[in-house]
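If you read the protein sequences in the order shown, they are chains A and B. Mapping to our numbering: the first sequence position 252 is 253, numbers consecutive. Mapping to our numbering: the second sequence position 24 is 25, numbers consecutive. Some notes on the structure that comes next.
Protein chains: 2
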Amino acid sequence: MAKEITSREENYSQWYNDIVKKAGLADNSAVRGCMVIKPYGYAIWEKMRDQLDKMFKETGHVNAYFPLFVPKSLFEAEEKNAEGFAKECAVVTHYRLKNDPLQKGILSVDPEAKLEEELVVRPTSEAIIWNTYRDWIQSYRDLPILINQWANVVRWEMRTRPFLRTAEFLWQEGHTAHATKEEAIREARQMHDVYAEFAEQFMAMPVIKGFKTENERFAGADDTFTIEALMQDGKALQAGTSHFLGQNFAKAFHVTFSNEKNENEFVWATSWGVSTRLIGGLIMTHSDDDGLVLPPRLAPIQVVIVPIPRPEPLLLEKAEQIRKALQDQGISVKIDVDDTKRPGFKFAEYEMKGVPVRLGLGMRDLENNVIEVARRDTREKASVSLDTVVSHVADLLEEIQQNLFQRAINFRNEHMTEVNDFATFKEVLESKGGFLSCHWDGTSETEEKIKEETKATIRCIPIDAPEEAGVCVYSGRPSSRRVIFAKAY
Amino acid sequence: MAKEITSREENYSQWYNDIVKKAGLADNSAVRGCMVIKPYGYAIWEKMRDQLDKMFKETGHVNAYFPLFVPKSLFEAEEKNAEGFAKECAVVTHYRLKNDPLQKGILSVDPEAKLEEELVVRPTSEAIIWNTYRDWIQSYRDLPILINQWANVVRWEMRTRPFLRTAEFLWQEGHTAHATKEEAIREARQMHDVYAEFAEQFMAMPVIKGFKTENERFAGADDTFTIEALMQDGKALQAGTSHFLGQNFAKAFHVTFSNEKNENEFVWATSWGVSTRLIGGLIMTHSDDDGLVLPPRLAPIQVVIVPIPRPEPLLLEKAEQIRKALQDQGISVKIDVDDTKRPGFKFAEYEMKGVPVRLGLGMRDLENNVIEVARRDTREKASVSLDTVVSHVADLLEEIQQNLFQRAINFRNEHMTEVNDFATFKEVLESKGGFLSCHWDGTSETEEKIKEETKATIRCIPIDAPEEAGVCVYSGRPSSRRVIFAKAY
Chain A
2 MAKEITSREE NYSQWYNDIV KKAGLADNSA VRGCMVIKPY GYAIWEKMRD QLDKMFKETG
62 HVNAYFPLFV PKSLFEAEEK NAEGFAKECA VVTHYRLKND PLQKGILSVD PEAKLEEELV
122 VRPTSEAIIW NTYRDWIQSY RDLPILINQW ANVVRWEMRT RPFLRTAEFL WQEGHTAHAT
182 KEEAIREARQ MHDVYAEFAE QFMAMPVIKG FKTENERFAG ADDTFTIEAL MQDGKALQAG
242 TSHFLGQNFA KAFHVTFSNE KNENEFVWAT SWGVSTRLIG GLIMTHSDDD GLVLPPRLAP
302 IQVVIVPIPR PEPLLLEKAE QIRKALQDQG ISVKIDVDDT KRPGFKFAEY EMKGVPVRLG
362 LGMRDLENNV IEVARRDTRE KASVSLDTVV SHVADLLEEI QQNLFQRAIN FRNEHMTEVN
422 DFATFKEVLE SKGGFLSCHW DGTSETEEKI KEETKATIRC IPIDAPEEAG VCVYSGRPSS
482 RRVIFAKAY
Chain B
2 MAKEITSREE NYSQWYNDIV KKAGLADNSA VRGCMVIKPY GYAIWEKMRD QLDKMFKETG
62 HVNAYFPLFV PKSLFEAEEK NAEGFAKECA VVTHYRLKND PLQKGILSVD PEAKLEEELV
122 VRPTSEAIIW NTYRDWIQSY RDLPILINQW ANVVRWEMRT RPFLRTAEFL WQEGHTAHAT
182 KEEAIREARQ MHDVYAEFAE QFMAMPVIKG FKTENERFAG ADDTFTIEAL MQDGKALQAG
242 TSHFLGQNFA KAFHVTFSNE KNENEFVWAT SWGVSTRLIG GLIMTHSDDD GLVLPPRLAP
302 IQVVIVPIPR PEPLLLEKAE QIRKALQDQG ISVKIDVDDT KRPGFKFAEY EMKGVPVRLG
362 LGMRDLENNV IEVARRDTRE KASVSLDTVV SHVADLLEEI QQNLFQRAIN FRNEHMTEVN
422 DFATFKEVLE SKGGFLSCHW DGTSETEEKI KEETKATIRC IPIDAPEEAG VCVYSGRPSS
482 RRVIFAKAY
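What follows is the structure in structure tokens.
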């Protein structure tokens, strides 16, 4: 029968690892902190990537590719950025291995092949890209540059978890260059909106849109916009960030342009990225103790048809008709033709893999012109006429997408607590978790003290937070709007 | 007017570099031997990737992702493979930079963050993948594994050229695992066929399908199948390879399976790859002294519409109608709305960029219900009725695709010379270049001597070479079939 997984209540962290492993999403590798993304996990990433890529292109962006390596001297150029990433950089120091003269088959680093300058494996690409933009930008006519890159990056994290925090991960990073501050801010906000739309409409994962405090900003940014999602265990997940970089990189890399008045100015910049971390967010937003639950819009297999009890020719013939009709509506369907496993085993497998809709077809069904339709999200089953099953399934996929989103919104709303004093803050954080909406006095000092005492950080200052007079939950000093605290991944 | 480029006759190598730069395909970077793939070059790669990915999926493959880094001990495991790549490996030795205590803003490698085991940046992924397959394969029921990966790889080449040979490049690498030798060979040959079909039907680049001599095989392969194309300067380009790896990696990584009789056997393997090098092949197959020439099936912009002399509203309105109608047929169209440049300048730009079809529309044309249609491949122009322009252009794109392919076949055939003695061999190689079809005695010794004396190598033993008695062009010893020699990129 089904592969057993740890229940969420028993151990949420183990439940997550079980899902990743047993749904076939990722595996550990021989390299510390690096995962293997297995075909099923990668298929989800392909769905995400294709949709995001479409949205980036619709907003005028093009893709390009910049080198994996950043020479150390370039990496240093923007000081805050360098400082932010220096402690977690993989560094290439040599370009050759040689045979060990004493041990056959053993290779060692060739000391004669030491690089004159070390190369940092990119943790992010602002440095290498802005060093290139210097050559591409002379006049305002060369602006804006609206480039995105799909790439791997490396950050040598000490504690890693599949998808959520890995030494190497896949992501996209947009890097844009603009003639004016206003245009750059507009761009950063636009991509912030794109991320929120993707998270909500495709991942069915509600997010709070806000900006980061100075403490939590991207190293080198003047402003960081973020989307923050809430996981089932009450912890927040930073799901995507879009940065207004001001002129910091332009100044570090001497990137100027002559404006319409023929005056030289520094270029304005943004960068924005989401990564395979989103798959972790997807898992922890929807899945349950029976396995993965996927929103239909990102499910590699949207519908599976299982002939019962085994793949007889008559059942396969009908299944193929249904598959074809669903495929014509753009729905991806798998017919299970395996005749070595029993239906119950298969059902558990597809539940584990989060296939949104399962159709079970037996000879008796065929005689009665019906088919069993089971939905993954609510586990409900219904017998549906074969005459209408195609439109029924198409509607049901849409309904599941909306249901998952609504369920996640409800959960998020239930775990959004207005808190006005620090005792309650600590109590709610420990008992219920979730987002704490509180007044804060605006100082890094208070922010850090709260973090020290509770491990909660300011996830964001919500963009739509209304002006509201109040006093800081920690210091009692005056505050004019609430911010969102939470413990975070 | 047009940006000037060096003519092919004057300096083929400089012509190539000029095209890469002036068509906006790639740029040098701050990292030795690594290029920046610019948006237009990357758009061609996206077209290639999407088509290849489709063909891989149609032949039953799925994508996955394996780590960038290979621990040195794994890298060593398959000895021939390790030996083949050891001399060109980028090696990560440290995982942290630290602030230089004496110089503010200067970072240095932190000696305390030395890795216990060095990490090789993958030059190819057999080692890391077969180390993973060991955990995935127990029984014949786990086979075959048909996985492909799109990734970046690094080979520290001493002499680099954009696309053709770069320290970092983008590619796909298929890695499959099979229960029998026959099935693995069938897979390797199937992907060889897929590559040939892609090269000919999409790149319009004719290829010779053959297998490599032992000298020229992939390090670690039992057999390497290759597609070899001929560039305009008479040199060959190895455009894609598919390897039958035997049980070499299974033995090195102890990957066994229990067969239907419950006996343990080593798994059989293939790997196959093409890379951004194909863009170099595309350039050198079709382009001319006015710039890039692209086959329509891989052109990011297939049709450009230029309002003449400037983008008047009436002209734009008509252009938009045409664009829409062409787009409905799946044709990508750009309307040039720039009003700061003259038509002659624009024409030269689009020729430089290799846009297959250019439509020029003036007010007089509009009155006469015609439009000027210019094709990039032959430079012919025709005045076509606006009533039929859409179907005319659709047909013309197909005709250009076929014409480019036929032109390249003719060139290749004209540069395929049967040679039967070594004096002629040297003479033809120097005067005319191209492929030399010759008898060879089958020894590495002869192969190496010919290489030393002429720089020509055996590109492949063609798969369809007929049995034919002859004598080796160099040694005079008997031979039973001809092989293909050429100087190569």
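Glycine included, every Cβ here is placed at the ideal spot set by N, Cα and C. Here the structure is a predicted model, which is why all the values come from computation and not from measurement.
Which bits of chain B does residue i rub up against, with CB to CB less than 7 Å?
i: K73 (chain A); result: L108
i: K39 (chain A); result: A65
i: Y134 (chain A); result: Those within 7 Å of Y134 (chain A) in chain B number zero; the least Cβ separation is about 10 Å.
i: P207 (chain A); result: Within chain B, no residue comes near P207 (chain A); the closest Cβ sits about 28 Å away, beyond 7 Å.
i: L26 (chain A); result: By Cβ distance, chain B contributes nothing, its closest Cβ being about 11 Å from L26 (chain A), past 7 Å.
Who are the neighbours of residue i on chain A, taking C-beta pairs under 8 Å?
i: W172 (chain B); result: What W172 (chain B) touches in chain A: nothing, since even the nearest Cβ is about 12 Å away.
i: F412 (chain B); result: Correct list: empty, because the minimum Cβ distance to chain A is about 31 Å.
i: A87 (chain B); result: R97, L98, K99, N100 and L108
i: E169 (chain B); result: P68, L69 and F70
When burial is assigned at 16 or more other CB atoms within 10 Å of the CB, is residue i buried or exposed?
i: M2 (chain B); result: Here M2 (chain B) scores only 40 on pLDDT, less than 50, and its place in the model should not be relied on; the value that follows carries that caveat. Exposed.
i: L315 (chain A); result: exposed
i: A424 (chain A); result: exposed
i: I389 (chain B); result: In the sequence under discussion, the amino acid at residue 389 (chain B) is Thr, which differs from the Ile named in the question. Exposed, since its Cβ has fewer than 16 Cβ neighbours within 10 Å.
i: V338 (chain A); result: exposed
i: Q303 (chain A); result: buried
i: D422 (chain B); result: exposed
i: H287 (chain B); result: buried
i: M232 (chain B); result: buried
i: K488 (chain A); result: buried
i: W46 (chain A); result: buried
i: I6 (chain A); result: buried
i: E113 (chain A); result: exposed
i: P102 (chain A); result: exposed
i: P467 (chain B); result: exposed
i: N12 (chain A); result: exposed
From the beta carbon of residue i, is the nearest beta carbon of chain E less than 7 Å away?
i: K115 (chain B); result: Protein chains A and B are contained in the structure displayed, whereas chain E is not.
Identify every residue that forms a DSSP beta bridge with residue i.
i: H176 (chain A); result: A:I148 and A:S272
i: G363 (chain B); result: B:I309
i: T242 (chain A); result: A:T227 and A:G274
i: V93 (chain B); result: A:V93 and B:L120
i: I459 (chain A); result: A:F486
i: V110 (chain B); result: B:L98
i: N153 (chain A); result: A:L171
Taking Cβ positions, are residue i and residue j nearer each other than 7 Å?
i: T271 (chain B); j: F170 (chain B); result: no
i: P274 (chain A); j: L147 (chain A); result: The residue you asked about is not Pro; residue 274 (chain A) is Gly in the sequence shown. Cβ distance not < 7 Å, so G274 (chain A) and L147 (chain A) don't count as in contact.
i: R413 (chain B); j: P163 (chain B); result: no
i: H95 (chain B); j: V110 (chain B); result: yes
i: K1 (chain B); j: L299 (chain B); result: No statement about residue 1 (chain B) is possible, as the shown extent of chain B runs from 2 to 490 and does not include it.
i: F212 (chain B); j: F203 (chain B); result: no
i: E261 (chain B); j: Y141 (chain B); result: yes
i: K39 (chain A); j: A65 (chain B); result: yes
i: K427 (chain B); j: T455 (chain B); result: yes
i: V37 (chain B); j: D51 (chain B); result: no
i: F406 (chain B); j: A205 (chain B); result: yes
i: K88 (chain A); j: R97 (chain B); result: yes
For a contact defined as C-beta to C-beta under 7 Å, what are the partners of residue i on chain A?
i: H95 (chain B); result: V92 and T94
i: E119 (chain B); result: V110
i: A83 (chain B); result: L108
List, in order along the chain, the chain A residues whose C-beta lies closer than 9 Å to that of residue i?
i: A220 (chain B); result: Those do not exist, as A220 (chain B) stays about 13 Å from chain A at its closest Cβ, beyond 9 Å.
i: E350 (chain B); result: Here the premise fails: no neighbours, minimum Cβ distance about 14 Å.
Determine the chain B residues that contact residue i at a beta-carbon separation under 9 Å, and present them in chain order.
i: Y141 (chain A); result: Here the premise fails: no neighbours, minimum Cβ distance about 12 Å.
i: E79 (chain A); result: Near E79 (chain A) there are no residues of chain B at all, since even the closest Cβ is about 10 Å away, more than 9 Å.
Closer than 8 Å is the cut-off here; do at least three beta carbon pairs connect the region 480 to 487 of chain B with the region 437 to 454 of chain B? yes
Report yes or no: do the region 55 to 69 of chain B and the region 185 to 205 of chain B share at least 3 C-beta pairs separated by less than 8 Å? yes
Contact the region 63 to 78 of chain A vs the region 124 to 136 of chain A: 3+ CB pairs below 8 Å: yes
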